[in-house]
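**Student:** I'd like to ask some things about the structure below.
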């Protein structure tokens, strides 16, 4: 009786948490001044759902492009795109010499291309708005952590830059000299002493990654490579206006049919599997929010596909349990044996799908990457819910007396 009471309380508690998360995710909540936004507000939508401009830039070079130059170019393009005043912009590398820039919203594609392909200008600007140095005066810029644990940017100037900087630091001692890339301020350090040897350090960086990013941009002085526009796509918002409601409707109908099938065919275990499946859907959406995933139509397709695979794992488990019950084993022994026998089949099918997802993600581009990412996230979480959560629910149901007879599994013993 004590075990039954504990299991009942735990089961009710889990259901309450799932209900709360589901409501908060669907409609949003405000608790004590803190707002929990709905999935619709916090999950970014891709260009195919909200419209915008997609530009694929290719590096023009006969030599192999280094990862350093590729990442530096990506950072500079990201800065330029952000100057357009857009949010949720996606700048990603494709292969070893291509960079895709996806800009949601309504923009002139020609203006975007011009912004991305221009050379760029690095400037050191004094308090009197005078240009002290340009990118041509910088010989080297590196990021490192000193003995005190501070994140430092180290600068080395050429002979002409050394002379200019010595005069400027003497003139602007204890004042700030700002460093700009185009019109965006990278950093605004204060001059602490007159620098005559052409070697300066910039402190006050929040973390090493920030210091490394700024150092890379200063080092390049401009785009470190020449770019050409490989493709430009302008997508209208009308597709998303039709696609989102249609996808939601199709997904809802499909999931409800699966829920009904599981209950009708597998009885109480089917109901428990439906609860685990609801938790799985919420977990996937919360992971999308956490990693900042951009949802696209192929991504939605991948998500719905993983729901089917999550159900498939439960079907394998329940069929194995049924087989064990038909041999005359006890309910608890049948559950343990059923999960054990189904595990290898579940792992085999899902691991091969994950391998395919990894290949698609690293060799694919654009929408293919979105599909692969949602597929891999969904597969991993579906295995977790099927193997762990469904098993927990079934054991709690056994302790509560909900699965006390083989008939509750849809098995009839003569």
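In the numbering used here, the protein residues as written are -3 to 410. Glycine included, each C-beta is placed from N, C-alpha and C at the ideal position. Note that the structure is a prediction, hence the values are computed from the model and not measured.
1. Strictly by DSSP, which residues pair up with residue 161?
2. Is the beta carbon of residue 247 less than 8 Å from the beta carbon of residue 182?
3. Give the range of the beta strand (DSSP E) segment to which residue 491 is assigned.
4. Identify whether residue 189 lies in helix, strand or coil by the three-state DSSP scheme.
5. Taking the alpha helix (DSSP H) that residue 174 belongs to, which residues open and close that run?
6. Could you name the residues that DSSP lists as bridge partners for residue 100?
7. Where does residue 53 sit, in a helix, a strand or coil, going by DSSP?
8. Which partner residues of residue 90 appear in the DSSP bridge assignment?
9. Please state whether the Cβ-Cβ distance between residue 69 and residue 95 is less than 8 Å.
10. Exposed or buried, what is residue 49 when buried is set at 16 or more other beta-carbons lying within 10 Å of its beta-carbon?
11. In chain order, what residues of the same chain lie with their CB nearer than 6 Å to the CB of residue 139, ignoring the 5 residues before and after it?
12. Confirm, please, whether the CB-CB distance from residue 289 to residue 359 is below 8 Å.
13. In terms of residues, what are the limits of the beta strand (DSSP E) holding residue 120?
14. Alpha carbon to alpha carbon, how far is residue 294 from residue 377? Give it in angstroms, no decimals.
15. Which residues bound the beta strand (DSSP E) around residue 150?
16. With a cut-off of 8 Å on the beta carbons, I'd call residue 17 and residue 392 a contact; round off their distance for me.
17. Where residue 291 and residue 242 are concerned, what is the direct C-alpha to C-alpha distance, given to the nearest angstrom?
18. Does the beta-carbon of residue 366 have 16 or more other beta-carbons within 10 angstroms, so that it is buried, or is it exposed?
19. In chain order, which continuous runs of the beta strand (DSSP E) of length 3 or greater are located wholly inside the stretch 331 to 365?
20. Could you tell me the alpha carbon to alpha carbon distance between residue 164 and residue 176, rounded to whole angstroms?
21. Work out the CA separation of residue 46 and residue 37 for me, nearest whole Å.
22. Could you tell me which uninterrupted alpha helix (DSSP H) segments, each at least 4 residues in length, are contained entirely in the stretch 368 to 397, listed from first to last along the chain?
23. Going by other Cβ atoms of all chains shown within 10 Å of its Cβ, with 16 needed for buried, is residue 179 buried or exposed?
24. Where residue 173 and residue 146 are concerned, what is the direct C-alpha to C-alpha distance, given to the nearest angstrom?
25. Please look up how many angstroms separate the CB atoms of residue 51 and residue 112, rounded, as I've assumed it's under 8 Å.
26. Does the distance between the C-beta of residue 74 and the nearest non-hydrogen atom of the ligand COA fall short of 7 Å?
27. Where do the N-terminal and C-terminal ends of the beta strand (DSSP E) with residue 180 fall, by residue?
28. Three or more C-beta pairs under 8 Å: does that hold for the stretch 334 to 344 against the stretch 264 to 276?
29. My parser needs the alpha helix (DSSP H) runs of 4 or more residues fully inside the stretch 285 to 330; what are they?
30. For residue 231, which residues from the same chain have a beta carbon less than 8 Å from its beta carbon, with the 5 sequence-adjacent residues on both sides left out?
31. Residues in the same chain with beta-carbon distance under 8 Å from residue 71, minus the five sequence neighbours each way, listed in chain order, please.
32. Take the Cβ of residue 41 as the centre, count every other Cβ of all protein chains shown within 10 Å, and call the residue buried at 16 or more, exposed below.
**Tutor:** Taking the coordinates as given:
1. Note: residue 161 sits in no beta bridge, so no partner.
2. no
3. An answer regarding residue 491 cannot be provided, because it is not within the stretch -3 to 410 covered by the chain.
4. coil
5. First-last for residue 174: 174 to 177, but that is the beta strand (DSSP E), not the alpha helix (DSSP H).
6. 48
7. strand
8. 94
9. With respect to the 8 Å criterion, residue 69 and residue 95 are classified as neighbours on the basis of their beta carbons.
10. A buried status is given to residue 49, since no fewer than 16 other beta-carbon atoms sit within 10 Å of its beta-carbon.
11. 149, 207, 208 and 211
12. Against a cut-off of 8 Å, the Cβ pair of residue 289 and residue 359 comes out as no contact.
13. 118 to 121
14. 19 Å
15. 147 to 153
16. That pair is no contact at about 19 Å.
17. 15 Å
18. So residue 366 ends up on the buried side.
19. none
20. Cα-Cα distance, rounded: 16 Å.
21. Approximately 13 Å, taken between the alpha carbons.
22. Taking only runs of at least 4 residues, the alpha helix (DSSP H) segments lying wholly in the stretch 368 to 397 are 386 to 396.
23. Exposed, because fewer than 16 other Cβ atoms sit within 10 Å of the Cβ of residue 179.
24. 20 Å
25. 6 Å
26. Although the ligand COA was asked about, the structure shown includes no ligands whatsoever.
27. Where residue 180 is concerned, the enclosing beta strand (DSSP E) stretches over 180 to 183.
28. no
29. 293 to 322
30. 43, 44, 47, 48, 49 and 50
31. 209, 212 and 213
32. buried
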